[in-house]
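J.:
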Amino acid sequence: MDAIVWGDFDCLRVGKTIILPSSHIGGPRCRAQNYQDAMVIWRWDGYPDLFLTFTCNPKWPEINEMQNLISQENDGSHVDIICRVFQIKLFQLMQHIKKQKPFGKLWHKRGLPHAHIRLFLHETLKTPSVDHIDRVIAAEIPNIAQDSDGYNAVKNIMIHEPCGDLNLKCPCEGTQVLELQKNGAKLDNRYVVPYNRNLLVQFDAHINVETCNYSKSVKYLFKPNIEKTKCTEWFEANKENADSRELTYSDFPTRWVWNAGEKKWTRRQKGRTAGRIYFAHPASGEQFYMCMMLNFVKVCICFQSIRTVNGIEHKTYPQAYYALGLLDDDKELNDCLVEASGGPLVMN
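Dropping the structure here:
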């Protein structure tokens with residue numbers, strides 16, 4: 001259809017596969033490669049220590065100056081200018097972190113897509129003290145008399161939605177209170193997003209800094225191999241619901257509906273539908289046999305259970321497919337020929 005729309009009738013180009021290499025920043029292969037690299041670092045050196053989220057500030061003077069040069073209002077429509085300025089600021093931020101070392105000595109740093117940044121501190125800072133954390137991360141409103149720049153930056157950029165009774169896990173300390181100009185609501189330290197004071201004032205942008213020591217935060221950045229899929233959630237449904245185990249994967253949509261927003265299966269309340277499995281070419285090997293198995297097997301709670309036939313887990317899907325009686329080979333014919341060749345020759 002694209003070839004018809006574009007008027008491209010060159011048979012050598014129609015239907016040709018184009019793959020974005022890992023060097024294309026933000027592409028699927030780039031994200032998958034960065035995810036694998038980050039997990040290798042985690043296994044070798046331990047969990048990351050800090051998690052930074054750097055957000056563009058549309059009120060940066062550089063953006064306003066460029067908008068004025070082209071006689072345009074700063075309405076956010078010129079994404080090319082916004083992205084270019086943000087890329088420059090991101091480069092400056094990474095240079096500042098590497099050279100100025102505001103968080104201490106780094107063993108490794110990584111700037112990741114969408115300006116999510118994971119920082120691996122030096123081994124001497126793997127178990128930081130409370131004083132060290134307080135020096136690099138703050139979650140309070142500065143005193144306006146002692147730090148007016150920090151106060152204004154926090155007030156304009158680092159205030160989040162209400163917590164308190166709506167979020168009992170959110171700590172509240174200190175007495176410094178500010179009053180918003182718009183609606184007169186009074187906000188205290190409960191509404192402050194954790195930040196680093198020097199980075200906040202220098203870059204005039206929303207920079208969330210948090211300490212962390214778990215691998216799930218690395219998975220949050222890349223998602224390609226950890227996204228919930230219809231198949232993995234089918235496993236979860238079989239674990240929790242006995243009646244769902246009566247259905248194969250291809251028949252599952254007849255009684256269950258896929259909720260794309262929450263990424264889970266919910267019981268079908270109305271309507272009728274038929275399920276299907278996407279075609280896999282026989283030359284694809286394991287993928288083909290797994291897709292074929294999903295049309296027959298039930299009570300599956302993991303990928304290993306798909307390969308399990310009569311209580312025996314097979315190493316490959318072709319072996320399981322053969323054990324299920326759905327695949328035949330030339331063994332019977334070979335045995336017949338061997339038996340015939342070993343007997344006496346009968347002349348008619």
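Position 280 (the sequence shown) corresponds to 280 in the UniProt record's numbering; numbering is contiguous. All C-beta atoms in this analysis are idealised placements derived from N, C-alpha and C, irrespective of residue type, glycine included.
(1) Apply the 10 Å Cβ neighbour rule to Tyr278 and answer buried if 16 or more other Cβ atoms are within range, or exposed otherwise.
(2) May I have the straight-line CA-CA distance separating Pro171 from Cys291, to the nearest angstrom?
(3) Report yes if the CB atom of Ala205 is closer than 8 Å to the CB atom of Lys89, and no otherwise.
(4) What runs of the beta strand (DSSP E), each 3 residues or longer, lie entirely inside the region 227-272?
(5) What are the partner residues of Thr308, as DSSP defines its beta bridges?
(6) Would Cys336 be called buried (16 or more neighbouring beta carbons within 10 Å of its own) or exposed?
(7) Specify the secondary structure class of Ile301 as computed by DSSP and reduced to three states.
(8) For Tyr249, which residues in the same chain have their Cβ closer than 6 Å to its Cβ, ignoring the five residues on either side in sequence?
(9) Helix, strand or coil, according to DSSP, for Arg118 in the structure here?
(10) Apart from the five residues just before and just after residue 351, which ones in its own chain have a Cβ nearer than 6 Å to its Cβ?
(11) Count the other C-beta atoms from every protein chain shown that fall within 10 angstroms of the C-beta of Asp243, then say buried if there are 16 or more, exposed otherwise.
(12) Alpha helix (DSSP H) containing His206: first to last residue?
(13) Have a look at Ser341, Tyr289, Cys302 and flag the residue whose alpha-carbon is nearest the alpha-carbon of Leu326.
(14) Per the DSSP calculation, Ala138 is bridged to which residue(s)?
(15) If you check the beta carbons only, do Val193 and Met158 fall under 8 Å apart?
(16) Do Leu324 and Val309 come within 8 Å of each other at the CB atom, strictly closer than that value?
(17) Going by the DSSP bridge assignment, what does Thr17 pair with across the sheet?
(18) Which one of Asp80, Ala139, Pro28 has the shortest CA to CA distance from Glu62?
(19) Ends of the beta strand (DSSP E) at Leu52?
(20) What separation, rounded to the nearest whole angstrom, lies between the Cα atoms of Thr316 and Pro253?
(21) Give the single residue among Phe91, Thr232, Gln87, Lys264 whose Cα lies nearest to the Cα of Ile306.
(22) Here's the rule I'm using: 16 or more other beta-carbon atoms within 10 Å means buried, otherwise exposed. How should Phe303 be labelled?
(23) Report the CB separation of Leu199 from Pro128 in whole angstroms; it is logged as a contact under 8 Å.
(24) Kindly indicate which residue of Phe120, Lys99, Thr211, Asp147 has the alpha-carbon position closest to the one of Asp134.
(25) Compare the C-beta of Asn259 against all C-beta atoms of chain D and say whether one is closer than 8 Å.
(26) My output table needs one value for Leu187: the three-state DSSP class, helix, strand or coil.
(27) Could you give the DSSP three-state label for Ile159: helix, strand or coil?
(28) What are the boundary residues of the alpha helix (DSSP H) that Pro282 is part of?
(29) Around the C-beta of Arg276, are 16 or more other C-beta atoms found within 10 angstroms, so that it is buried, or is it exposed?
(30) Using a Cβ-Cβ cutoff of less than 8 Å, which residues in the same chain neighbour Trp107 once the five nearest sequence positions on both sides are dropped?
(31) Can you look up Ala274 in the DSSP assignment and give me helix, strand or coil?
(32) For the candidate residues Ala139, Glu240, Gln287, whose alpha-carbon lies nearest to that of Tyr195?
T.: With the given structure in hand:
(1) Here the question's residue 278 lines up with position 278 in the sequence shown. Exposed, since its Cβ has fewer than 16 Cβ neighbours within 10 Å.
(2) Counted from its first residue, the sequence shown places residue 171 at position 171. Counted from its first residue, the sequence shown places residue 291 at position 291. No answer about Pro171 holds up, because its pLDDT of 43 lies below 50 and its placement is not dependable.
(3) Counting from 1 along the sequence shown, the entry for residue 205 is found at position 205. Counting from 1 along the sequence shown, the entry for residue 89 is found at position 89. In this structure, Lys89 lies closer than 8 Å to Ala205 by Cβ.
(4) 256-259, 264-267
(5) Stepping through the sequence shown from its first residue, residue 308 is reached at position 308. DSSP lists Glu313 as partners of Thr308.
(6) Translated into positions along the sequence shown, residue 336 becomes position 336. Exposed, by the Cβ-count rule.
(7) Residue numbering aside, residue 301 sits at position 301 when the sequence shown is read from its first letter. The answer is coil: DSSP assigns Ile301 none of H, G, I, E or B.
(8) Here the question's residue 249 lines up with position 249 in the sequence shown. Within the same chain, Tyr249 has close Cβ partners Trp234, Leu294.
(9) Walking along the sequence shown from the start, residue 118 turns up at place 118. The answer is strand: DSSP assigns Arg118 an E or B state.
(10) Since the first residue shown for the chain is 1 and the last is 348, residue 351 is missing from the structure and cannot be characterised.
(11) Here residue 243 refers to the residue found at position 243 when the sequence shown is read from its first residue. Classification of Asp243: exposed, given that the 10 Å Cβ count is below 16.
(12) Residue mapping note: residue 206 aligns to position 206 of the sequence shown, counting from 1. Careful: His206 lies outside any alpha helix (DSSP H), inside the beta strand (DSSP E) at 206-211.
(13) Here residue 326 is taken as the residue at index 326 of the sequence shown, counted from 1. Leu326 has its Cα closest to that of Tyr289, out of Ser341, Tyr289, Cys302.
(14) Position 138 of the sequence shown, counting from 1, holds the residue named residue 138. Ala138 pairs with Tyr195.
(15) One-based indexing of the sequence shown puts residue 193 at position 193. One-based indexing of the sequence shown puts residue 158 at position 158. Contact: yes.
(16) Working through the sequence shown from its first residue, we reach residue 309 at position 309. Working through the sequence shown from its first residue, we reach residue 324 at position 324. Yes. Within cutoff.
(17) For the purposes of this step, residue 17 is taken as residue 17 along the sequence shown, with counting starting at 1. Answer is none; Thr17 lacks a bridge partner.
(18) As a position in the sequence shown, residue 62 is number 62, starting the count at 1. The residue with the shortest Cα to Cα distance from Glu62 is Asp80.
(19) Here residue 52 refers to the residue found at position 52 of the sequence shown. Here the beta strand (DSSP E) through Leu52 covers 50-55.
(20) For the purposes of this step, residue 316 is taken as the residue at position 316 of the sequence shown. For the purposes of this step, residue 253 is taken as the residue at position 253 of the sequence shown. Answer to the nearest angstrom: the Cα atoms are 27 Å apart.
(21) Counting from one through the sequence shown, the residue named residue 306 turns up at place 306. Considering only alpha carbons, the answer is Thr232.
(22) As a first step, residue 303 is located in the sequence shown; it is residue number 303 there, counting from the start. Phe303 should be labelled exposed.
(23) Numbered from its first residue, the sequence shown carries residue 199 at position 199. Numbered from its first residue, the sequence shown carries residue 128 at position 128. Leu199 to Pro128, Cβ: 17 Å. No contact.
(24) Working through the sequence shown from its first residue, we reach residue 134 at position 134. If we check each option's Cα against that of Asp134, Thr211 comes out closest.
(25) Of the protein chains in this structure there is only one, and it is not chain D.
(26) The residue labelled residue 187 in the question sits at position 187 within the sequence shown. Strand at Leu187.
(27) Start at 1 with the first residue of the sequence shown, and residue 159 comes out as number 159. Strand at Ile159.
(28) Taking the first residue of the sequence shown as position 1, residue 282 is located at position 282. Neither: Pro282 is in no alpha helix (DSSP H) and is coded neither H nor E.
(29) One-based indexing of the sequence shown puts residue 276 at position 276. Looking at its Cβ environment, which holds fewer than 16 other Cβ atoms inside 10 Å, Arg276 is exposed.
(30) Your numbering for residue 107 matches position 107 in the sequence shown. Bear in mind that the predicted position of Trp107 carries a pLDDT of just 47, short of 50, making it too unreliable to give a figure here.
(31) As a first step, residue 274 is located in the sequence shown; it is residue number 274 there, counting from the start. Note: Ala274 maps to coil in three-state DSSP.
(32) Here residue 195 refers to the residue found at position 195 when the sequence shown is read from its first residue. Ranking Ala139, Glu240, Gln287 by Cα distance to Tyr195 puts Ala139 first.
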